[in-house]
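Notes follow the structure.
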Amino acid sequence: MSAFPELEEHIKTLPCVGTRKKALLFSENFYKPTGEKIVTGFRYFACDVGPVQAAAAALDLNALCDLEFALDEDGDVDTSSVLVDLEYTKSGSFVAVQAAEYRDHNPKPVMAPVVVEGRPDLAALVLELDQSA
């Protein structure tokens, strides 16, 4: 078991995050101050976990964008053993990141989640990082 909580579970404990039913069995997290849906994303990297962890801990999304992304031989997004998990609103009013590394075929957080509110300047960067978008 990891010493750090997983990002998605951590944000559910924050007073600024609420949950609302989306359908019969599904729900979504939202940022209470703006009512915006919180989007879940990720990015895989083609480097060691150290630089990813350092940039994520400093919430330096520019540094994360400068690291080499995991790409396949055709230049399309790919997976690797190092990733950053993302939770964010599209406006940048809420951004949370956490570096993780696959160990025994499961992603394990390697740091505590970092959460910031009210940073619209991060909106474009977090969208650039999110390979699931």
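First residue of the sequence shown: -17, per our numbering; consecutive thereafter. Just so it is clear, CB atoms sit at the ideal spot from N, CA and C, and this is done for glycine as well.
List the DSSP bridge partners of residue i.
{"i": "K3", "result": "S9"}
{"i": "Q80", "result": "D67"}
{"i": "G23", "result": "L68"}
{"i": "K90", "result": "E83"}
On the three-state DSSP scale, how would you describe residue i?
{"i": "G32", "result": "helix"}
{"i": "A40", "result": "coil"}
{"i": "P(-13)", "result": "coil"}
{"i": "S18", "result": "The sequence given here places Glu at residue 18; Ser does not occur at that position. Strand."}
{"i": "E55", "result": "coil"}
{"i": "P102", "result": "helix"}
{"i": "V96", "result": "strand"}
{"i": "E110", "result": "helix"}
{"i": "A45", "result": "helix"}
Between residue i and residue j, how many whole angstroms is the CB-CB distance? I'm expecting something under 8 Å.
{"i": "A78", "j": "M93", "result": "Rounded, the Cβ-Cβ distance is 12 Å, inconsistent with contact."}
{"i": "P120", "j": "F8", "result": "Outside the displayed range of the chain (-17 to 115) lies residue 120, so it cannot be described from this structure."}
{"i": "V31", "j": "E83", "result": "5 Å"}
{"i": "S73", "j": "E99", "result": "At roughly 11 Å, the Cβ-Cβ gap does not stay under 8 Å, so S73 and E99 are not in contact."}
{"i": "L(-4)", "j": "V97", "result": "7 Å"}
Is the stretch 15 to 26 in contact with the stretch 104 to 112, if contact means three or more CB pairs nearer than 8 Å? yes
Is it a yes or a no for the stretch 24 to 44 touching the stretch 63 to 73, going by three-plus beta-carbon pairs under 8 Å? yes
How about the stretch 26 to 40 and the stretch 51 to 59: do they share at least three Cβ pairs that are nearer than 8 Å? yes
Would you be able to state if there are at least three C-beta pairs under 8 Å between the stretch 11 to 18 and the stretch 31 to 49? no
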